[in-house]
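Enquirer:
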Amino acid sequence: FTKNKLSYKIVDEILNIVKMSKPDKVSGKLTVPASVTYDDKKFNIEEIEKRAFKGEKRLKAVSFGKNVKKIGKECFADCANLKLIEFKGNKIKYIGKSAFKGINAKVKIKVPAEMSKKDRVKLKKMLIKAGLSKDIVIE
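Under our numbering, the final residue of the sequence shown carries the number 1219; numbering is consecutive throughout.
1. Between Asn1184 and Leu1164, what straight-line distance do the alpha-carbon atoms span, to the nearest angstrom?
2. Using only CA atoms, which one of Leu1139, Ile1172, Asp1158, Lys1130 lies nearest to Val1148?
3. Take the Cβ of Ala1210 as the centre, count every other Cβ of all protein chains shown within 10 Å, and call the residue buried at 16 or more, exposed below.
4. For Ile1175, collect the residues of the same chain with a Cβ closer than 6 Å to its Cβ; drop the 5 residues on either side in sequence, then sort them by chain order.
5. Using the beta-carbon count (16 or more within 10 Å), is Phe1133 buried or exposed?
6. What does DSSP give as the partner residue(s) for Gly1108 in the beta ladder?
7. Report the option in Ala1141, Glu1126, Ile1218 whose CA atom is closest to the CA atom of Lys1202.
8. How would you label Ile1094, buried or exposed, when you count the other beta carbons within 10 angstroms and need 16 or more for buried?
9. Using 9 Å as the threshold, is the C-beta distance between Arg1138 and Val1106 below it?
10. Determine the extent of the beta strand (DSSP E) in which Asp1092 is found, giving its start and end residues.
11. Cα separation between Glu1166 and Asp1092?
12. So for Leu1162, helix, strand or coil by DSSP?
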């Protein structure tokens, strides 16, 4: 289903979980909300599908809602103008291979102030495996 120009696939109707899939087009800032309502049911957005935004040259910033746990492989690969990645929550458990490969080298990573040092270290390791430089700074 589509809501606010973004596409979703239902993963689990009982637990009310969806994943974001490839939209028709995107530009500027992408905000992945924590949840979306469809047919009078509230669904948590926990996953971004693999290759969903690959090569979107107009994408400059992405903000992940507090329920996102998984970012698929090559999800934002080759988004050369992506300069800001913001995590609103600390539930992220998996970032796929090359998810951020080929994005802007000066990308800023922002996380919630309450994210623990241990979780920041885990996130940094996942981001490096996903294609970012070992020198990235998490703010």
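By construction, the Cβ of each residue, glycine as well, lies at the ideal position given by its N, Cα and C atoms.
Expert: A quick look at the data gives this:
1. As a first step, residue 1184 is located in the sequence shown; it is residue number 104 there, counting from the start. As a first step, residue 1164 is located in the sequence shown; it is residue number 84 there, counting from the start. Cα to Cα, the separation comes out at about 9 Å.
2. Residue mapping note: residue 1148 aligns to position 68 of the sequence shown, counting from 1. Measuring from the Cα of Val1148, the nearest candidate turns out to be Ile1172.
3. By 1-based counting over the sequence shown, the position of residue 1210 is 130. It counts as buried.
4. Counting from one through the sequence shown, the residue named residue 1175 turns up at place 95. Excluding positions up to five away in sequence, the list reads Ile1151, Met1206, Ala1210.
5. Translated into the one-based positions of the sequence shown, residue 1133 becomes position 53. By the 10 Å Cβ count, Phe1133 comes out buried.
6. Your numbering for residue 1108 matches position 28 in the sequence shown. According to DSSP, Gly1108 bridges with Leu1139.
7. Here residue 1202 is taken as the residue at index 122 of the sequence shown, counted from 1. Answer by Cα proximity: Ile1218.
8. Here the question's residue 1094 lines up with position 14 in the sequence shown. By the 10 Å Cβ count, Ile1094 comes out exposed.
9. For the purposes of this step, residue 1138 is taken as the residue at position 58 of the sequence shown. For the purposes of this step, residue 1106 is taken as the residue at position 26 of the sequence shown. For Arg1138 and Val1106, yes; Cβs fall inside 9 Å.
10. Walking along the sequence shown from the start, residue 1092 turns up at place 12. Taken as a continuous stretch (DSSP letters only), the beta strand (DSSP E) holding Asp1092 covers 1086-1092.
11. Here residue 1166 refers to the residue found at position 86 of the sequence shown. Here residue 1092 refers to the residue found at position 12 of the sequence shown. The straight-line gap from Cα to Cα measures roughly 26 Å.
12. Within the sequence shown, residue 1162 is the residue found at index 82, counting from 1. The answer is coil: DSSP assigns Leu1162 none of H, G, I, E or B.
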